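Chemist:
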Amino acid sequence: MKLSHALRLTRTASVAFVGGGGKTSAVFLAARELAPALVTTSTHLAARQAHQADRHLIWHPDEPMPDVEPTSANHVTLVTGPHREDIARLTAPTPTQLEALYHWAKTHHVPLFIEADGSRQRPLKAPAEHEPAIPPFVENVVVTAGLRGLDRPLDENFIHRPHLFGALSGLQIGEIVNETAIVQVLTHPQGGLRNIPYQARRVVLFNQADTAESQARAGKMATTLLKTFQAVIIASIQRGQIYTAHERVAGIVLAAGAATRYGKPKQLLDFRGEPFVRRIANTALKAGLWPVIVISGAYAESVEAAVRDLPITIVRNENWRAGQATSLQAGIQQVEALNDEQLEGRTGQIGAAIFLLADQPQITVHVLEALKSKHDAGLYPIVAPLVADRRANPVLFDRVTFAELLKLQGDTGGRAVMRHFPVEYLPWHDESLLLDVDNENDYRKLLAWGVEE
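When the letters of the sequence shown are read in order and numbered with the numbering used here, they come out as residues 56 to 508.
Okay, here's the thing in structure tokens:
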């Protein structure tokens, strides 16, 4: 997976990188992937790092903008202020110049990457009062953190501004930096969140994840960080490896149908002491899906009563008779409509949604977690279980498919969207995923299956 893909960047992206642990390398890697691209700084850049660009333009104050038009389709152009030889650093363009670069890049569909603070090559840092210098127009902010600072003492060898890091994390100088301290600093308003524009997409980039253990530890931190950031990327930039991109995944339970073939509401049939719909919603919650949305329609009051006490969102589809597509759309519209207040601080977008059928209460936490993990590894448009060479449910749809899902009509399900996007299959060895309940015989088979979580 490319870093630019993990960051969901487009040709018109404006991105500020802050933090420590390989920030400059990440800037140039992402810029190179989306070249032609512009790179600049809002603070200082070490003069020795200019060689990572194909072309370096110095824009002096009070001079007109230099010709930043790409000279080649794969060139990265670095634009800075004058070179300060006394500190071996390249200065930043003025705020007015930065804004002019932004508007030029937008107009010409060239991505703009901005290094917005320094860390003196330490893996971790805490920002000072004057930083980070994130321009107000920036649409994406990437907060980098080097995992080589994990399990190290809180001192100047590993932490830039250790006293400030200690004040934010609660650690004393010399104490060992653990996961709790890193998360505390990253999510602190005066730490990782400092000076991020309100509209900007927030991403944590854990770099230096050079071992399976460090990747696993970063993954555990991601669970907490996703309450504040829209994505957490785990990578080893020097090795050119992007391992995972963690995002929130919604669970949408399709429970609006009339079950005409069965003759009574399947959503309310009993499975191990719970109505189908409640069992499925609980499984989604246990798997860490968020938000979990139950779409009701036929038998709405009874279905809603079965799940009302759970920490979920209920959406009543008044148009359920028009077909399953209306329920798919109701779920996606609810995901897209979530605003900051509803998210309780979880600002931003949901990365994907898993659709769960109301007649499959046998779905396990394990398969939902596996679908999420597969998606994390590549941000694939669609991820589906493959059981005995057959596609099974539930299916995960990345947000890039949402626009197509919203075009569906009638009883058309997500299968129609699969014709427009590549499907990544997840090999699975539980044939119960192939079973749904259309009649009493199916129900008896389900009860006899002996599914274990």
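Where is the CB? At the ideal position from N, CA and C, for every residue including glycine. Here the structure is a predicted model, which is why all the values come from computation and not from measurement.
Output the distance between the C-alpha atoms of P436 and N212, rounded to the nearest integer angstrom.
Modeler: Taking the sequence shown and counting its residues from 1, one reaches residue 436 at position 381. Taking the sequence shown and counting its residues from 1, one reaches residue 212 at position 157. So the alpha carbons of these two residues sit roughly 42 Å apart.
Chemist: Can you find the residues in the same chain that come closer than 7 Å, C-beta to C-beta, to V455, ignoring five residues on each side of it along the sequence?
Modeler: To locate residue 455, count along the sequence shown from 1; it is residue 400. Around V455: P436.
Chemist: Which value, in whole angstroms, describes the spacing of the CA atoms of A342 and G328?
Modeler: For the purposes of this step, residue 342 is identified with residue 287 of the sequence shown, where counting begins at 1. For the purposes of this step, residue 328 is identified with residue 273 of the sequence shown, where counting begins at 1. So the two alpha carbons sit approximately 20 Å from each other.
Chemist: In chain order, what residues of the same chain have a beta carbon less than 7 Å from the beta carbon of A264, not counting five sequence neighbours either side?
Modeler: Numbered from 1 along the sequence shown, position 209 holds the residue referred to as residue 264. Cβ neighbours of A264 beyond the five flanking positions: L202, Q270, A273, I289, A290, S291, Y298.
Chemist: DSSP three-state label for P366, please.
Modeler: Residue 366 sits at position 311 when you count from the first residue of the sequence shown. In the structure shown, P366 sits in coil (DSSP, three-state: anything other than H, G, I, E or B).
Chemist: With A181 and V258 assumed to form a contact (beta carbons below 8 Å), what rounded beta-carbon distance in angstroms separates them?
Modeler: On the sequence shown, residue 181 is found 126 positions in, with the first residue counted as 1. On the sequence shown, residue 258 is found 203 positions in, with the first residue counted as 1. Contact flag wrong, Cβ pair sits at about 19 Å.
Chemist: With C-beta atoms as the reference, is P148 less than 7 Å away from P191?
Modeler: Residue 148 sits at position 93 when you count from the first residue of the sequence shown. Residue 191 sits at position 136 when you count from the first residue of the sequence shown. Result no, Cβ atoms of P148 and P191 do not sit closer than 7 Å.
Chemist: Buried or exposed: where does N372 fall if 16 or more other Cβ atoms within 10 Å of its Cβ makes it buried?
Modeler: In the sequence shown, the residue the question calls residue 372 occupies position 317. Looking at its Cβ environment, which holds 16 or more other Cβ atoms inside 10 Å, N372 is buried.
Chemist: So what does DSSP say about I335, is it helix, strand or coil?
Modeler: Looking up residue 335 in the sequence shown gives position 280. Of the three classes helix, strand and coil, the one that applies to I335 here is helix, per DSSP.
Chemist: When the distance is taken between beta carbons, is L412 closer than 7 Å to L344?
Modeler: Taking the sequence shown and counting its residues from 1, the one referred to as residue 344 is at position 289. Taking the sequence shown and counting its residues from 1, the one referred to as residue 412 is at position 357. No; because the gap between Cβ atoms is not below 7 Å, this pair is not in contact.
Chemist: What residue range does the beta strand (DSSP E) around Q296 cover?
Modeler: Along the sequence shown, one-based indexing puts residue 296 at 241. Where Q296 is concerned, the enclosing beta strand (DSSP E) stretches over 296–302.
Chemist: Considering only C-alpha positions, which residue in the set G229, N262, L281 is nearest to T242?
Modeler: The sequence position of residue 242 within the sequence shown is 187, counting from 1. If we check each option's Cα against that of T242, L281 comes out closest.
Chemist: So who's on the other strand from S351, going by DSSP bridges?
Modeler: Here the question's residue 351 lines up with position 296 in the sequence shown. Answer is A310, R371.
Chemist: State yes or no: is the C-beta of V442 within less than 7 Å of the C-beta of L488?
Modeler: If you number the sequence shown from 1, residue 442 lands on position 387. If you number the sequence shown from 1, residue 488 lands on position 433. Yes, these two residues count as a Cβ contact at 7 Å.
Chemist: Going by C-alpha distance, which of Y157, T279, Q322, R63 is nearest D491?
Modeler: Residue mapping note: residue 491 aligns to position 436 of the sequence shown, counting from 1. Considering only alpha carbons, the answer is Q322.
Chemist: To the nearest angstrom, report how far apart I405 and L248 are at their CA atoms.
Modeler: As a position in the sequence shown, residue 405 is number 350, starting the count at 1. As a position in the sequence shown, residue 248 is number 193, starting the count at 1. Distance between the alpha carbons of I405 and L248: 19 Å.
Chemist: Taking the alpha carbon of M56 as the point to measure from, which residue in L461, H430, L460 has its own alpha carbon closest?
Modeler: Numbered from 1 along the sequence shown, position 1 holds the residue referred to as residue 56. Nearest C-alpha to M56: H430.
Chemist: T151 lies in the alpha helix (DSSP H); which residues open and close that run?
Modeler: If you number the sequence shown from 1, residue 151 lands on position 96. Note, T151: alpha helix (DSSP H), 150–162.
Chemist: Nearest to Q245 by CA position, among P366, M276, E184, is which residue?
Modeler: Along the sequence shown, one-based indexing puts residue 245 at 190. Of the listed residues, the one whose Cα sits closest to Q245 is E184.
Chemist: If F410 and P449 are in contact, beta carbons under 8 Å, what's the gap, nearest whole angstrom?
Modeler: Residue numbering aside, residue 410 sits at position 355 when the sequence shown is read from its first letter. Residue numbering aside, residue 449 sits at position 394 when the sequence shown is read from its first letter. At roughly 6 Å, the Cβ-Cβ gap stays under 8 Å, so F410 and P449 are in contact.
Chemist: Who pairs with V94 in a beta bridge, going by DSSP?
Modeler: Numbered from its first residue, the sequence shown carries residue 94 at position 39. V94 is bridged to L133, F168.
Chemist: Could you check which residue in A108, D109, E170, L100 has the C-alpha nearest to that of P137?
Modeler: Position 82 of the sequence shown holds residue 137. Nearest of A108, D109, E170, L100 to P137, Cα basis: L100.
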